[in-house]
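Below is one structure, written out as structure tokens, with a few remarks after it.
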Amino acid sequence: MAIKFPSLDFFQELANRMNANPAEFEKLGFCDTVMGVKVDGDTSHLYSLTFDIFDCSDVRELSSPEGAEFDFMLEAPLSLWRESLESIQKHGQPEPAYTLNSLSHVGDRMKVVYDDPEGHDKFYRFMATIQAFVNQASDLEIEWA
Amino acid sequence: MSYYARDDFFNNPEVLERTVEILKGNLELEWMGIDVERVQCRPKDARRGLTFGDTNVGGYGWDKIPEKIRHNYSMAPRGAQLPDGLPHLGYDINRKSEVWSENAPELYEESKARHWIPAREVPWDAVENLEHGQEVELGLAQVYTDLTVMASLLGDMPSKWVWHINQELVELKMWLCTQMFDAARLADVFRKRAIAGGAGLGRDHAALGELVKSVFDAGNYPCASASANILLSGLMQTVLRHVGAVSTNAADQTIAHFSVQDVSRSLAYGIGHMQYLIEQRPHVATGLRDHLDEVENTLVGLLGSPLFFSNLALLTAGSRSEAGAAVPQVTALFRRFADEHAARRRVSGIASEKSPLEAFVSELEA
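Structure, rendered in structure tokens:
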């Protein structure tokens with residue numbers, strides 16, 4: 000059954016897959032951070048993902064980042080999220096130009112929004128886990144908004 | 000051998016007499032009645048296991064470490080009974096604030112949990128099919144040579160100071176040990192990648208040497224920590240992010256992906272260390288600020304050096320002929336780095352109004 004992107008169901012499915020795949024995520028190590036994912040389109044959507052040790056323990060949709068206490072938030076237009084996820088679906092992992100690192104590097108195609116530099120650095124401290132989390136969409140049937 | 004014990008044990012008849020008694024079965028077990036704190040520690044979360052955080056209990060915990068340690072200069076583990084006669088080990092860093100960061104125990108556990116194995120996890124066969132030309136390979140070999148130098152310093156810096164630090168600060172010392180191991184892994188993988196690609200190691204250069212010397216020769220640990228953990232680790236994080244963004248090879252992608260995690264832990268410690276230190280002793284901020292400005296001066300020497308700048312332009316453009324056109328992108332990279340570095344200095348309490356890095360990047364942009 001297709002899962003709509005963006006949607007709470009999409010990120011909840013990634014969380015379920017992460018929690019059901021301890022072998023991969025225990026190998027990558029502890030990951031403790033709260034991050035935001037913002038998908039800009041005709042209507043913007045904002046999601047909060049809480050990573051706790053080897054799991055994604057909480058996923059929710061928010062109406063605003065205020066009060067969310069994100070360590071960092073990844074913000075990009077729907078079209079870019081779609082290109083990135085399609086690259087993952089085609090290759091099992093993103094092509095080099097579509098990794099979270101490449102997308103958020105100089106050029107600001109994907110913005111990394113943060114208040115505290117230590118929170119920002121958590122994006123890089125847990126980079127491998129966060130990328131692996133997104134890569135789990137490789138075989139999801141996605142219905143694009 | 001430069002230390003001679005206070006007793007000549009072999010020729011001491013009392014030692015011999017005691018040993019004879021033991022051989023007769025007259026054991027000395029009165030120490031079993033030792034009066035030390037008994038506590039119960041269990042993992043707060045079984046998935047994490049029993050962490051230092053779980054043993055931060057009573058007199059065994061780091062919360063009870065005094066700012067000035069005057070009671071123990073031996074190798075005794077914190078919380079053990081300290082009988083008379085323990086030798087002084089010569090520790091001369093005996094103030095908690097000089098080294099401590101509240102996140103150090105957590106970073107120690109994280110470092111162990113997130114370790115990776117370059118020898119097996121980098122897809123080395125990808126280096127046989129590089130998908131880029133010889134010019135880019137030469138550029139990558141040069142940047143990996145530079146990164147090897149920087150990683151070596153990230154290992155040498157804590158190893159220069161850790162044996163000076165009082166054993167009461169055990170969690171912090173263990174964290175410094177993981178920093179050394181992380182640095183060894185980074186120097187290992189950068190060196191191997193340069194050699195394995197066929198281009199070999201690149202050229203060392205004085206501008207980089209000046210930077211690492213200014214970090215290594217810091218006169219005290221807080222200055223060394225600020226310059227290695229905030230400035231140098233920040234530079235490495237930026238360069239690794241850039242390698243990850245411009246490379247097309249699975250080996251380089253993997254190296255950048257994992258290495259950036261290792262240096263980012265040092266950034267977290269550096270910021271936490273400065274915050275703790277300045278909260279306890281606000282007056283030291285001025286000296287730290289001046290030191291970091293001075294190290295930024297050598298950083299500018301590196302960023303502006305023809306070899307370093309030109310190589311980043313080459314890697315960004317993907318060819319020698321187009322490298323000149325990539326100068327604005329390298330400038331943008333330096334702007335990103337300068338802004339992030341300034342933000343880290345700000346939250347650390349050592350912001351600078353006369354930052355050489357900011358002045359240099361502003362000049363480039365002008």
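Taken in sequence, the protein lines are chains A and B.
Using numbering that gives the first Met the number 0, the letters of the first sequence correspond one by one to residues 0 to 144.
Using numbering that gives the first Met the number 0, the letters of the second sequence correspond one by one to residues 0 to 365.
Yeah, the Cβ is synthetic: ideal placement off N, Cα and C, and Gly gets one too.
C-beta contact flag for residue i and residue j at 9 Å
i: B/SER258; j: B/LEU146; result: yes
i: A/PHE69; j: A/MET34; result: yes
i: B/THR253; j: B/PHE189; result: no
i: A/ASN134; j: B/ARG240; result: no
i: B/SER224; j: B/MET273; result: yes
i: B/ASN93; j: B/LYS67; result: yes
i: A/PHE132; j: A/LEU77; result: no
i: A/ARG105; j: A/GLU74; result: The sequence shown places Val at residue 105 of chain A, not Arg. No, these two residues do not count as a Cβ contact at 9 Å.
i: A/LYS121; j: A/THR32; result: yes
i: B/ALA112; j: A/GLY28; result: yes
i: B/SER351; j: B/VAL294; result: no
i: A/ALA127; j: B/HIS256; result: yes
i: B/ASP251; j: B/ARG335; result: no
i: A/ARG124; j: B/SER263; result: yes
i: A/GLN92; j: A/SER56; result: no
i: A/HIS119; j: B/ALA342; result: yes
Same chain, Cβ closer than 8 Å to residue i, neighbours up to 5 away in sequence not counted
i: A/LEU79; result: LEU102, ARG108, MET109
i: B/PRO327; result: none
i: B/GLY138; result: ASN310, LEU313, LEU314
i: B/GLY300; result: ALA206, GLU209, LEU210
i: B/GLU364; result: THR330, ARG334
i: B/LYS63; result: GLY57
i: A/SER63; result: LEU45
i: B/LEU230; result: VAL214, LEU291, VAL294, GLU295, LEU298, HIS340
i: B/LYS159; result: PHE215, ALA223
Range of the contiguous beta strand (DSSP E) that encloses residue i
i: A/TRP143; result: 141-143
i: A/ARG59; result: 54-61
i: A/PHE71; result: 71-76
i: B/GLY323; result: Looking at the DSSP string, B/GLY323 is not in any beta strand (DSSP E), and its letter there is neither H nor E.
i: A/SER47; result: 44-51
i: A/ILE2; result: 2-4
Three-state secondary structure assigned by DSSP to residue i
i: B/LYS67; result: strand
i: A/ALA19; result: coil
i: B/ARG280; result: coil
i: B/TYR2; result: coil
i: B/TYR220; result: helix
i: A/ASP39; result: strand
i: B/ARG41; result: coil
i: B/ARG288; result: helix
i: B/ARG47; result: coil
i: B/ILE229; result: helix
i: A/MET34; result: strand
i: B/ARG202; result: coil
i: B/ARG113; result: coil
i: B/ARG77; result: coil
i: B/ALA92; result: The question names Ala, but residue 92 of chain B in the sequence shown is Ile. Residue state, collapsed to three classes: strand.
i: B/LEU129; result: coil
i: B/ASN25; result: coil
i: B/HIS241; result: helix
i: B/ILE194; result: helix
i: B/ASP53; result: helix
i: B/THR297; result: helix
i: B/SER100; result: coil
i: A/LEU79; result: helix
Cβ shell of residue i (< 6 Å), same chain only, five flanking positions each side left out
i: B/GLY58; result: GLU36, GLY78
i: B/GLY201; result: ALA140, GLN141, THR144
i: B/GLU278; result: none
Residue i, enclosing alpha helix (DSSP H) - first and last residue
i: A/LYS110; result: Note, A/LYS110: premise wrong, no alpha helix (DSSP H); beta strand (DSSP E) at 110-112.
i: B/ARG119; result: 117-120
i: B/TRP160; result: 133-160
i: B/GLN166; result: Taken as a continuous stretch (DSSP letters only), B/GLN166 belongs to no alpha helix (DSSP H), as it is neither H nor E.
i: B/THR315; result: 305-316
i: B/GLU16; result: 12-22
i: A/GLN92; result: It is not in any alpha helix (DSSP H) - A/GLN92 carries neither H nor E in the DSSP assignment.
i: A/LYS121; result: 116-124
i: B/VAL368; result: Here chain B has residues from 0 to 365 only, and residue 368 of chain B is not among them.
i: A/SER101; result: 99-103
Neighbourhood of residue i by C-beta distance below 7 Å, restricted to the same chain and skipping five residues each side
i: B/PHE51; result: PRO104, TYR107, GLU108, GLU170
i: B/ASN102; result: ALA267, TYR268, GLY271
i: A/LYS3; result: PHE9, GLU142, ALA144
Residue i CB to nearest heavy atom of the ligand ADP below 8 Å
i: B/ARG335; result: As far as ligands go, the structure on display features none, and thus does not contain the ligand ADP.
Validate contact between the region 239-256 of chain B and the region 150-162 of chain B using beta carbons, cut 8 Å, 3 pairs
no
Examine the Cβ distances between the region 282-293 of chain B and the region 122-131 of chain B and report whether three or more of them are shorter than 8 Å.
The region 282-293 of chain B, when compared against the region 122-131 of chain B, does not touch it at the 8 Å Cβ threshold.
Flag this pair as touching only if the region 159-176 of chain B and the region 193-211 of chain B have three or more C-beta atom pairs under 8 Å; answer yes or no.
no
Any contact of the region 50-66 of chain A with the region 79-98 of chain A, i.e. 3+ C-beta pairs under 8 Å?
Touching, no.
Using 8 Å as the Cβ pair cut-off and three pairs as the minimum, do the region 35-46 of chain A and the region 12-22 of chain A touch?
Contact between the region 35-46 of chain A and the region 12-22 of chain A is not established, with fewer than three Cβ pairs separated by less than 8 Å.
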